[in-house]
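Asker:
Numbering (the working numbering), first residue to last: 1284 to 1370.
Okay, structure coming up:
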């Protein structure tokens, strides 16, 4: 348990940051699922539109350190390949 005032404050901040990061991570996963759903439906136009939104959210999350930039790039690459395969 935190003893000093500074360590108590850091513990409070960590709780808030963890909740916020979890919310952002959940949002990114939701956007990725929307792309996957459009791909499963075979709708290339919807998949491409959802992909544009998802890549924006994914890149912003990677910039904030929520995801490693290589993980974001890997997700984008795989989704892009799936969308191109629909054509």
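Backbone N, C-alpha and C fix where the C-beta goes; we use that ideal spot for every residue, glycine too.
1) Could you tell me which of 1334, 1289, 1350 and 1314 sits nearest to residue 1365, measuring between CA atoms?
2) Would you call the CB atoms of residue 1341 and residue 1315 closer than 9 Å?
3) Compute the beta-carbon to beta-carbon distance between residue 1318 and residue 1362, rounded to the nearest angstrom, for a pair I have assumed lies under 8 Å.
4) So for residue 1339, helix, strand or coil by DSSP?
5) Taking the continuous alpha helix (DSSP H) assigned at residue 1305, which residues delimit it?
Answerer: Answer, in terms of the structure:
1) 1334
2) yes
3) 5 Å
4) helix
5) 1288 to 1324
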